[in-house]
Amino acid sequence: MKKVILVDGNNLMFRSFYATLYSGSIMTNKEGFPTNALYGFVNMMNKIITEEKPEYIMVAFDIGKTFRHEKYDYYKGKRDETPDDLKKQFPVAKKILNAQGIKYFELAGYEADDIIGTFAKKVDENDDFMATIISSDKDLLQLISDDVEVKLLKPKDYIRMNRQVFFDTYGLEPIRMIDLKSLMGDASDNIPGVKGIGEKTAIKLLQQYNTLDGVYENLDNIKGSVHDKLVSDKDNAYMSYDIATIYKEVPIDTNFDNIKYTGEQTDELIEIFNDLDFHSFLKKSNKTIETKPLDYQIIDDVDKITLTSPVVLYLELDNDNYHLANIIGLSIYNENTLIYIKGENLTDTTFLKDIDIYTYNYKKLYSSFKRRNLYIPNCLFDTMLAGYLLNYPVKDDIAYFANSLNYNIPIYDKKEKLTADEFMERSINKSAFIYHTYNDLLTKLKE
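Laid out in structure tokens, this is it:
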């Protein structure tokens, strides 16, 4: 099953802004631009990526008034105006998401909940995907299904709400959250519900009669003040039901390929973090495998190579299709060895007999060596497969994976003109990345 993460962006930004505001910590950068919501938002997004390891991820935002405001003038009418210091930070949050390779969505006339609901419906219709919604908004609990859960954020923790946990909590199916809101209302959204009916009474009614319609079809069986309240506020109850229902047909592109997580685009992200004075994030985003160029040797005569097992082999080809490509070079790396062999000199690989290797995309190496009748070494660990199993962004270019682990290996650009030395240095650094991340990846696989 492929994992999709659906994030309520407005919810995270508001939580971050007010959490620091209430604590008296007002953050700004050196130009005086407010950054407290952004700092918390980045922290939470980083935590989401670390904990959930998404293969697909999107963030939804509100933008302006919605169809609910048009139908009901007072919808969310009691809410205070969004502070200017918070409004200023939303465009920057979206820039950060772009720089992290995370797609965001917003559409006039619809709420973030509706956008999330539209993606949740797509997950329900596709057997290959499962989704986790991340928010503290209980309205989203109505979207829980066999394939969709909600990570319901609390002030210092969270509850992972799936179908069973919801039933254990409310004694109802998740879709009944709409009926629950229609009876008890929601002061935060100015949803009236039925005046005088609280959560306990609403849950009891729904456990007995299942739906809002069921409650009103059985009015004669409901006695006392609860009966009177239901009768006098019936219009409000059904209006509240309408408001509380998440719309699942927002006209947006829900192709999952468009929200595939590709990892951080480091250079752009570093520039943004520099502007915001987010120095703690800079350290995480600007980690390199070595602080200076690695001192490698170029080997012309393979007969002179002696190795200790295991080593990393990283193969550089001149074409994405390794069935047709020529070998540009082979880098070999472990704590004792830093060497590079140009393709034209790789005429024999029997020096790899009895040597276990780590690599990235063993299939590429296997196919390339087999076409040339070269000895094919035993692969102990394929970092590409490990990354795939751990839901990291894996592509033909290892740099995408490396950048997602905060290793600053440039993504290959065909327009880029590299000197031979620069090309070889990058190749060795890719080998070093494979070697130095082996233990961490193996540990995560075991976990």
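Residue numbers for the sequence shown follow the numbering used here, beginning at -8 and rising by one. Yeah, the Cβ is synthetic: ideal placement off N, Cα and C, and Gly gets one too.
Burial state of Thr245 is buried, judged by a 10 Å Cβ sphere holding 16 or more other Cβ atoms.
Assigned with DSSP and collapsed to three states, Glu307 falls in strand. One thing to note: Ile106 has its Cβ no nearer than 8 Å to the Cβ of Ile48. Taken through DSSP and simplified to helix, strand or coil, Ser231 comes out as helix.
Membership of Asn327 in any alpha helix (DSSP H) is not indicated, and neither H nor E is assigned to it by DSSP. The beta carbons of Ile87 and Val(-2) sit no closer together than 8 Å. The alpha carbon of Ala228 has as its nearest neighbour, out of Lys214, Ile188, Asn336, Phe264, the alpha carbon of Ile188.
Straight across, the Cα-Cα distance linking Thr109 with Lys354 is about 38 Å.
Residue pairing from DSSP leaves Met35 without any beta-bridge partner. The DSSP-derived three-state label of Glu140 is strand.
One Cα belongs to Leu376, the other to Glu72, and the distance between them is close to 49 Å. In the DSSP secondary-structure assignment, Asp268 is not bridged to any residue. If you keep only unbroken alpha helix (DSSP H) runs of at least 4 residues inside the stretch 173 to 258, you get 190 to 200, 203 to 208, 215 to 223, 225 to 235. Ranked by Cα distance from Tyr95, the first of Asp130, Val114, Ala51 is Ala51.
Considered as a whole, the stretch 78 to 161 harbours 80 to 90, 103 to 115, 154 to 161 as its complete alpha helix (DSSP H) runs of no fewer than 4 residues, in chain order. The alpha carbon of Asp130 has as its nearest neighbour, out of Ile169, Tyr101, Gln155, Val139, the alpha carbon of Ile169. Setting aside the 5 residues that flank it on each side, Pro368 is surrounded in the same chain by Leu343, Ile346, Ile348, each with a C-beta closer than 6 Å to its C-beta; the list follows chain order. Less than 8 Å separates the beta-carbon of Ile234 from that of Ile182. Put simply, of Ile400, Gly176, Asn430 the residue whose alpha carbon is nearest the alpha carbon of Arg417 is Ile400.
By the beta-carbon neighbour count (other beta carbons within 10 angstroms, threshold 16), Ala28 is buried. When the Cα atoms are used, Leu221 and Leu77 turn out to be separated by approximately 40 Å. Sixteen is the threshold: when 16 or more other Cβ atoms of the shown chains lie within 10 Å of the Cβ of Asn2, as they do, the residue is buried.
Secondary structure at Ile263: helix, using DSSP grouped into helix, strand and coil. The DSSP-derived three-state label of Gly23 is coil.
Within the DSSP secondary-structure output, Met49 pairs in a beta bridge with Leu(-3), Lys94. In the same chain as Leu436, and ignoring 5 residues on each side of it, the C-beta atoms closer than 8 Å to its own belong to Ala377, Leu380, Leu381, in chain order. Annotated three-state conformation of Thr57 is strand, per DSSP. From the listed residues Val385, Leu337, Leu171, Arg167, the smallest Cα separation to Asn364 is found for Leu337.
Going by beta carbons, Ile194 and Leu163 fall inside the 8 Å limit. When only Cα atoms are considered, Ala390 and Asp180 end up about 45 Å apart. By the 16-neighbour rule on beta-carbons within 10 angstroms, Gly205 is exposed. Note on geometry: alpha-carbon atoms of Asn34 and Phe272 lie some 9 Å from one another. As DSSP reads the structure, Ser322 sits in a beta bridge with Tyr305, Tyr331.
Counting along the chain, Asn369 sits inside the beta strand (DSSP E) bounded by residues 369 to 373.
Assignment of Tyr391 by DSSP, reduced to helix, strand and coil, places it in the helix class.
For Ile(-4) against Thr123, the beta-carbon gap comes to about 6 Å, under 8 Å, which counts as contact.
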